[in-house]
Amino acid sequence: MTSGSLTTRRGLARTLTYLSLVVASVVVLLPLLVVLLTSLKSSQEMANDSGALQLPDNLLNFENYVTAFQDGQMLAAFGNTAFILLFAITGTVIIGSMAAYAIDRFTFRFRKLVVALFLVATLVPGVTTQVATFQIVDSFGMFDTRWAPIALYMGTDIVSIYIFLQFVRSIPISLDESARLDGANAFTIYRKIIFPLLKPAIATVVIVKGITVYNDFYIPFLYMPSEELGVISTSLFRFKGPFGAHWENISAGAVLVILPTLVVFLFLQRYIYNGFTRGATK
Amino acid sequence: MTDTTEKVARPKQAAPPAPKSAAPRKVRLWRGLTPWLFLAAPLVLLITFTYAPVANMVAYSFTDWDGVSPELSYTGADNYVELFTRPELFEVFFVSGYYLAASVVQIAAALYFATILSFNVRFRNFFKGVLFFPYLINGVAIGFVFLYFFQDGGTLDSVLRLFGVESDKAWLGTSTSANVSLAGVSVWRYMGLNFVLFLGAIQSIPGELYEAAELDGANRWQQFRHIIAPGIRPILSLSVILSISGSLSVFEIPYIMTGGATGTETFVIQTVKLAFQFNKTGLASAAAVVLLLIILAVTWVQRRLVPDEKVDLV
């Protein structure tokens, strides 16, 4: 083989590589882009059936967004989601870090059993047990309140415990010991030494948990049927009825839901990659 | 903690031996109790929302309970018999086949993109971001984006028209076409996670290995075969397991897009309908127990085949 044909072969491979990447990017971005374009079209434009790829007449036509906010109750939905996010994330961080501290820093009887309980729970897929979980949540009187998803998000997050555990393990025990010599008790050590040093883990858990809760559909759908308790997923889901074939309104709703995710992703990319990688390989 | 308790105990030291041994016992009691104080909340939540439901579910599965009435009677294994003998109840598992096939495509694509992006490629971060982003998008939004995509005269038809293909096919109209479309959406949504996991694993392989291979004249394929493939074995097997259990418990995409119509009903959609629309809590519980057992079995097989050091929590 001459060196000339080798370079052309290399060049061809390079071209094919970039071609495949560009095709993949188009496959990912085009469906989203079309929905963005649709959200800016007026109902007349949609009725004219100008085709999905047609640019809207007015790129600054935000009328559909106003409709989505007013008739689609998106504002209330964002409020409910924010409320649930706040409590669920705070709870997850406190509970997860406490569990990790106890498991890593103490030797006690049944420690192995406790660890096994947490571990086996990761194998139980949440979707399958909802039939019975529902009855328990209902018996607490939490059905159709925002506390049902909050409790479920806090109570079934073993991945966060695992992320905290990895970090607690990396904090040198000598720090605990010197604090103990200064008269600190276990709770003070947790609050003043361990918790502040867990900042990177907390950031990871907040982001991963935040995105998971923001996107969850199943739990709010099952536990909060009331319209005024809609979170963004369930409120957007309800667009299907009243807006029927009004794709311009539905698209505006979808864009409204995707946009915050995009902003968070652009600003926190590194944390997001790390967090989801760590979460999945638990 | 030890220190403070001892300080309290110290004045008593003047007294005869008895209290002296009482103090360490108190210390020991406190010390034994401390971890449980930290674990109380997590354990209560874990048992209430994971283990109690599993136990209840198994119990319900042997009854004819409807989920509301105070009465229920023990029916033995009737629910399980019904589940395995009424073909339409078990047919939904065939739908999982589409998603299983899709996850093969998904893992292959993820592997391909992870490999090429691990080499020096311009705009690498941009491509990485684009490929991963769908994984972060809200499932309902994805459902709507793709309802419009497959809509008559929607995105897909318009793109096909650009290439001169006139199509008036209802993509979600027939069972096969709908399931293939939905499985395609699932690939679109989840490929990014596999890709980022693979990329992370590949990038943790020391660079000297590639340099040495390049000096020895190894080409890209040989590098992949002998350096990358062994390096990502554990994460690959994890992905396979996750896609098997994922294919069995598909819910969101078909529920949002078709509601389980035109033969796209999955096992989980059926279970949810049985439990919450037809009030057959007993039968739904039996179905859920079957799914749980299958997923546990799959996981168990994986743990046996690939003993993974990452599995132990402590």
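Same order as they appear, the protein sequences are chains P and W.
As numbered in UniProt numbering, the first sequence has no gaps in its residue numbers, which increase by one up to the final residue, 282.
As numbered in UniProt numbering, the second sequence has no gaps in its residue numbers, which increase by one up to the final residue, 314.
We put the CB at the ideal spot given by N, CA and C, even for glycine.
Keep in mind the model is a prediction, meaning the values are calculated, not measured.
Rounded straight-line distance, which links the Cα of residue j to that of residue i
| i | j | result |
| --- | --- | --- |
| W:V250 | W:V92 | 11 Å |
| W:D312 | W:L162 | Note that W:D312 scores a pLDDT of 42, beneath 50, so its modelled location is shaky and nothing firm can be said. |
| P:V35 | W:P134 | 14 Å |
| P:I258 | P:T204 | 21 Å |
| W:F119 | W:G231 | 15 Å |
| P:S226 | P:D144 | 7 Å |
| W:A40 | P:V168 | 19 Å |
| W:G200 | W:P24 | 51 Å |
| W:P35 | P:M98 | 9 Å |
| W:G259 | W:G282 | 23 Å |
| P:R9 | P:L16 | 10 Å |
| P:D138 | W:L45 | 15 Å |
| W:L296 | P:F265 | 34 Å |
| P:G126 | P:T133 | 9 Å |
| P:Q166 | P:P200 | 11 Å |
| P:L86 | W:A141 | 22 Å |
| residue 320 of chain P | P:F187 | What the structure shows of chain P is the stretch from 1 to 282, and residue 320 of chain P is not part of that stretch, so it cannot be assessed. |
| W:D152 | P:I272 | 36 Å |
8 Å CB neighbourhood of residue i in its chain, flanking five on each side removed
| i | result |
| --- | --- |
| W:L291 | L248, S249, F267, V268, T271 |
| P:V206 | I89, V93 |
| W:V58 | S285, V289 |
| P:F83 | R146 |
| residue 362 of chain W | Given that chain W is displayed from residue 1 to residue 314, the structure contains no residue 362 of chain W and the question cannot be resolved. |
| P:S25 | none |
| P:F237 | F217, F221 |
| W:I107 | N194, L236, S239, V240, S243 |
Which of helix, strand or coil DSSP assigns to residue i
| i | result |
| --- | --- |
| W:T155 | helix |
| W:T266 | coil |
| P:T145 | coil |
| residue 340 of chain W | Residue coverage of chain W in this structure runs from 1 to 314, which leaves residue 340 of chain W outside it and unanswerable. |
| W:T4 | Because W:T4 carries a pLDDT of 41, less than 50, the predicted location of this residue cannot be relied on, and no value is offered for it. |
| W:R303 | helix |
Contact set for residue i: own chain, Cβ-Cβ below 6 Å, skip 5 residues either direction
| i | result |
| --- | --- |
| W:S96 | S247, L248 |
| residue 283 of chain P | With chain P represented from 1 up to 282, any question about residue 283 of chain P goes unanswered, as that position is not in the structure. |
| W:A275 | T281, A284 |
| W:W188 | P134 |
Assumed close pair residue i, residue j - CB separation to whole angstroms, cut-off 8 Å
| i | j | result |
| --- | --- | --- |
| W:I228 | W:T115 | 6 Å |
| W:I235 | W:L193 | With 8 Å as the limit, W:I235 and W:L193 do not qualify as a contact, their Cβ atoms being about 11 Å apart. |
| P:V28 | W:V130 | 5 Å |
| P:L75 | P:F69 | 6 Å |
| P:I161 | P:A100 | 6 Å |
| W:A101 | W:A183 | 7 Å |
| W:A212 | W:Q223 | Actually they are not in contact, since the Cβ atoms of W:A212 and W:Q223 sit about 10 Å apart, beyond 8 Å. |
Neighbouring residues, chain W, relative to residue i (Cβ below 7 Å)
| i | result |
| --- | --- |
| P:G241 | Here the premise fails: no neighbours, minimum Cβ distance about 12 Å. |
| P:G155 | L45, L46, T48, F49 |
| P:Q269 | G129 |
Within chain C, the residues that residue i reaches when beta carbons sit closer than 8 Å
| i | result |
| --- | --- |
| W:V27 | Absent here is chain C; the protein component of the structure consists of chains P and W. |
Nonlocal neighbours in the same chain, by C-beta distance under 7 Å from residue i, ignoring five residues either side
| i | result |
| --- | --- |
| P:P56 | L37, L40, K41, E45 |
| W:F132 | G192, F195, V196 |
| W:V298 | I241, I244, S245 |
| P:L175 | I193 |
| P:T81 | Y214, V231, I232 |
| P:I219 | P149, L152 |
Amino acids of chain P, ordered along the chain, whose beta-carbon sits closer than 9 Å to that of residue i
| i | result |
| --- | --- |
| W:W148 | Before going on, a small fix: residue 148 of chain W reads as Tyr here, not Trp. The contacting residues are P31, V34, V35, T38, A52, W247, I250, S251, A254. |
| W:T266 | Near W:T266 there are no residues of chain P at all, since even the closest Cβ is about 10 Å away, more than 9 Å. |
| W:L111 | Correct list: empty, because the minimum Cβ distance to chain P is about 13 Å. |
| W:Y60 | V131, A132, Q135 |
Neighbouring residues, chain P, relative to residue i (Cβ below 8 Å)
| i | result |
| --- | --- |
| W:V196 | Y273, F276, T277 |
| W:L89 | Simply none; closest approach about 15 Å. |
| W:I228 | What W:I228 touches in chain P: nothing, since even the nearest Cβ is about 15 Å away. |
Contact list for residue i against chain W, beta-carbon separation under 8 Å
| i | result |
| --- | --- |
| P:L101 | In the sequence on display, residue 101 of chain P carries Tyr and not Leu. Neighbours of P:Y101 on chain W, chain order: F38. |
| P:P125 | S245, S249, L291, L292, I295 |
| P:M98 | F38, L39, A41, P42 |
| P:Y214 | N138 |
| P:F143 | By Cβ distance, chain W contributes nothing, its closest Cβ being about 12 Å from P:F143, past 8 Å. |
| P:Q44 | In chain order: nothing, as chain W lies at least about 16 Å away. |
| P:S233 | N138, G139, V140 |
Under 9 Å from the C-beta of residue i: neighbouring residues of chain W
| i | result |
| --- | --- |
| P:I84 | Chain W residues near P:I84: none, gap ~14 Å exceeds 9 Å. |
Proximal residues of chain P, C-beta to C-beta of residue i below 7 Å
| i | result |
| --- | --- |
| W:T155 | L30, P31, V34, A52 |
| W:P254 | Chain P residues near W:P254: none, gap ~12 Å exceeds 7 Å. |
| W:G200 | T277 |
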